[in-house]
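Going down the list, the protein sequences come from chains A and B. Residue 427 in the UniProt record's numbering sits at position 427 of the first sequence, with consecutive numbering throughout. Residue 82 in the UniProt record's numbering sits at position 82 of the second sequence, with consecutive numbering throughout. Glycine residues also receive a C-beta, built at the ideal position from the N, C-alpha and C atoms.
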Amino acid sequence: MGAAQKAIYFLFHPNQLRSIIQWKVWHEPVHRRDASKETATEKACFHYLNLTSRSFSAVIQELNPELLMPICLFYLVLRGLDTIEDDMTIDIKEKEPLLRKFHELMEQDGWTFDKNGPNEKDRDLLVHFDNIVTELKKVKKPYYDIIKDITVKMGNGMADYAVNAEHNINGVNTIAEYELYCHYVAGLVGEGLTRLFVESQLANPQLLVRMDLTESMGQFLQKTNIIRDVHEDWLDKRRFWPKEIWNKYVDNWDDLFAPANREKALQCSSDMVLNALKHGEECLFYMAGIRDQSVFNFVAIPQSMAIATLELVFRNPAIFERNVKITKGDACQLMMESTQNLRVVCDVFRRYARRIHKKNDPRDPNFLAISAQCGKIEQFIESIFPTQDPKKIAAGKADAKNEPGMNTAEAVMLVLSALSTLVLIGLLMVGIAWYMGAKLDGYWDDLDKALGGSIKTTTIAAVPVRGRDEL
Amino acid sequence: MVTAKKPELGSVMVIGGCGFLGHHVVRLLLRDYSCSVSVVDLRCTRNRRPDSDGVAYHEADITDAAKLESIFAQAKPDVVIHTASPPAQSNDSVSHALFKKVNVDGTAAIVKACQKAAVKALVYTSSASVMSDNKSDLINADERWPLVRGDNQSEYYSETKAAAEVLVLAANRAPDAPSLLTCAIRPSGIMGEGDTMVLYHLINILHQGRSGVQVGDNDNLFDFTYVENVAHGHLLAARALLLTAASKTIPLDNERVDGEAFLITNDSPVYFWDFARAVWAAAGSPHGTEHVRVLPRSLGMVLGYFSEWFFWAINKPPTFNRQRIVYSCMTRYYDISKAKRRLGYKPLVSLDEGVRRSVKWTLEQQEGLKKKE
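What follows is the structure, encoded as structure tokens:
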């Protein structure tokens, strides 16, 4: 968008501009990294963090100092793995051992990798990976063990997918396979993060007992991305939507993108949205276990973005034609709301759940199930932040908000009395004006003349005004 | 249910077993439990099982205490499921008298009969409406919410259901008959095969071409419950009472079933108009929501007020009134954690599937009526 276009856009969308300005001006990070005290390798790490991540670099850099470096490095290690996995110019025979042994390579002093194709966007990170190796050695043992453990699991998972010819040709078939894939690319990261949060005592240890909540956090994000990116992935000949779902609506994957099948495609996408939305309550539950503001911001921002993205893609035919994403203004507003507390994030979830339900179409086979899932999210929020208190209700002190509005007879009386007050004041003013010597007769004559005498009949209708004379 | 041995319930008597909910209770008893079944109903012709099912049918008015006692003496039930109640539809003095007679006096007679016949477990069908004053919201309400009684209760039906529930729960381990254990089930918005209220009205609205109006913003959640799930809740409660009766000790307060009321829903609150639209879609409506006009609640109330006057003037019961507007804009959904925890309740049939089955049945009924004409 050019500057002029932007200006016109914001002229008509002032709220968007307001949100952006609010975020830029008023956002006060809980922690700010102090570059002046950093070593050269630390600075290099943040340099590569900024290069490789658009969405995460800012929130990572505002993390509690205890977890700042561990999570930054965790991210870079996984990004390094990803860069090897993504690169189709690397032969599978070379790629597989790299992925499976990455956790060993990252322990070798001075290890770098320059065999990525020239177009691989994050190849620089691996070319200078020695910086990351250096910094990894300084990480506290418990944190390092977690990072290493996840790297082992992730590397093997990626290698399994890379050598799985069936997956590479046909994509994901069952919903179980789809969720397993999401587990490898997002659930595992979540597992590592939760363990880091609990290890640093910044989250409730119960989260380790309920690892299903962590899994939901990852699934929710990954599924949302997979739905949103369907067109881009289709162009790249990659398919992550499970056949078990799309096959209910079309016979061939490519048919989903034919304009003639748009309604079927929308129904399929709402099936996918429903599947993702089922993680909503568990995500909120997970966030209730975070004990540190910077960690809360770190986990809540992506979740709020995800539910907003789900609302954006829900019954949106554009996802089959091009890339869609939430506007910058909305993103800024969501970031503001995700950096407060659980209650505000719950409000975000409820707001978007209601918007989703408003877009729901009764002809869609998933209609009632989606409505029920939005209801479930609302009900869950009520269970943590109840609106009503049975004790107060029992005591007859029901919250004024929950009292019904006044009955209609009262409403009619209120409107009537407001109207008659207006009329009375009007009459009084005219009467006082007349008493003070205003020539009201002349007013009507003047008006008549001004309008060319065309309102003769109307003046008759205006007779009541003459009646004022008798006040 | 295929692999596991069916749980035992002994001799079970279903009062109102030919009614809407009652005949589903009978169906589930035969399907999911090992037991002998008897039914008491005013008339036992409709919703009757084939003779091969071995259900013993007894015709009786439940307010006839002597008749009731003789049937109890004959059937010797271990468990009594009391589902009998007149439909909650009308609100005039004749139906008021009937509500009082059947719901309160009838239930009192049943409690007496149970105590005399050494029945072990009595499960009473109450209603989630006993907690509602029919104007205030109920937001994720659970059993801690108070009963709305007397002048605060604008629906006399609900008043009598609450009175009967109090009677039944007071009879739990009563001093003069300590072996009888009782509990109450409070379902919300029952629909299903045999339903002549919720779905019948909604489908009428569709057929009259009135599905294009929505009163209120449709952000209000409401609980509707498929009848089989309600029946399931009753039988889980009966089973729990029998287990309690068999144990020597009184259960802990937070595990108790006897003397307790349980809300039962589909555990799936949905936005009020979404439910209506799901019913209409299942009934063949080709519409999405493009044709829908939204009427603000306040305007709806004014129109309802005029409608009441109009129908008063022509001396007919109003088809459209303020109470309807209030109901369609009210939030009324429940937290059923207590039933899940203590009864092990979980809906057997999803709301979606429940709507499909119920609408299919209602349409078949209407087809049948047309053919007769």
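- Going by DSSP, B/L138 is part of the beta strand (DSSP E) stretching over L138 to A141.
- The beta carbons of A/W26 and A/C332 sit about 10 Å from each other, so the pair does not count as a contact at 8 Å.
- For A/E282, the enclosing alpha helix (DSSP H) starts and ends at G280 to M287.
- Within chain B, no C-beta atom comes less than 9 Å from the C-beta of A/L78; the nearest is roughly 38 Å away.
- For B/L299, none of the residues of chain A pass the 8 Å Cβ criterion, the least Cβ distance being about 10 Å.
- Taking all protein chains shown into account, A/Y435 has fewer than 16 neighbouring C-beta atoms within 10 Å of its C-beta and is therefore exposed.
- For B/A171, the nearest beta carbon of chain A is not closer than 7 Å to its own beta carbon.
- The DSSP-derived three-state label of B/M191 is strand.
- Relative to the Cα of B/L29, the nearest Cα in the group B/I81, B/R46, B/C44 and B/W145 belongs to B/I81.
- An exposed status is given to A/D251, since fewer than 16 other beta-carbon atoms sit within 10 Å of its beta-carbon.
- In terms of Cβ geometry, B/T244 and B/L181 form a close pair [threshold 7 Å].
- Per the Cβ contact rule, the stretch 41-53 of chain A is not in contact with the stretch 144-162 of chain A (fewer than 3 Cβ pairs under 8 Å).
- Distance from the CA of B/K5 to the CA of A/W234, rounded to the nearest whole angstrom, comes to 51 Å.
- For B/I139, at least one C-beta of chain A is nearer than 7 Å to its own C-beta.
- For the set A/V189, A/C283, A/D361 and A/L428, the Cα lying nearest the Cα of B/A281 is the one of A/D361.
- Taking C-beta atoms under 8 Å as the contact rule, B/A121 and B/V79 qualify, at a distance of about 5 Å.
- Fewer than three pairs of CB atoms, one per stretch, sit closer than 8 Å, so the stretch 196-210 of chain B makes no contact with the stretch 237-252 of chain B.
- The C-beta of B/S38 has 16 or more other C-beta atoms within 10 Å across all chains shown, which makes the residue buried.
- By the Cβ test, the stretch 59-74 of chain B is in contact with the stretch 96-113 of chain B, since at least three Cβ pairs between them sit closer than 8 Å.
- Checking the DSSP bridge columns, you'll see A/M413 has no partner listed.
- Annotation: the stretch 258-331 of chain B contains the following complete segments of the alpha helix (DSSP H) (minimum length 4 residues), in chain order: 272-282, 297-313 and 322-329.
- For the stretch 277-290 of chain B, the residues whose beta carbon sits under 8 Å from a beta carbon of chain A are, in order, R277, A278, W280, A281, S285, P286, H287, G288 and T289.
- The Cβ neighbour count for B/T83, taken over all protein chains shown within 10 Å, is at least 16; the residue is labelled buried.
- Residue environment: A/G437 is assigned as exposed (fewer than 16 neighbouring CB atoms within 10 Å of its CB, all protein chains considered).
- Of all residues in the stretch 343-359 of chain B, those with a C-beta nearer than 7 Å to a C-beta of chain A are L351, D352 and V355, reading in chain order.
- Taking each of B/L147, B/S93 and B/R297 in turn and checking the Cα distance to B/S126, the smallest one comes out for B/L147.
- Looking at B/P50, B/S52 and B/S85, the one whose alpha-carbon comes closest to that of B/Y124 is B/S85.
- Setting aside the 5 residues that flank it on each side, A/L136 is surrounded in the same chain by L73, V77, M106, E107, Y144 and I147, each with a C-beta closer than 8 Å to its C-beta; the list follows chain order.
- The C-alpha of A/G2 lies about 16 Å from the C-alpha of A/T327.
- Closer than 7 Å to the CB of A/Q206 there is not a single CB belonging to chain B.
- The residues M131 and L138, in chain order, have a CB closer than 8 Å to that of B/W145 in the same chain once the five nearest residues on each side in sequence are set aside.
- For chain B, the residues of the stretch 339-362 of chain A that bring a beta carbon within less than 8 Å of one of its beta carbons are R354, H357, K358, N360, D361 and P362, in chain order.
- In the three-state reduction of the DSSP assignment, A/D271 falls in the helix class.
- Between A/Q222 and A/C283, the C-beta spacing is not below 7 Å.
- Taking 7 Å as the cut-off, the Cβ atoms of B/S11 and B/P87 do not count as close.
- Within the stretch 58-80 of chain B, not one residue has a Cβ closer than 9 Å to any Cβ of chain A.
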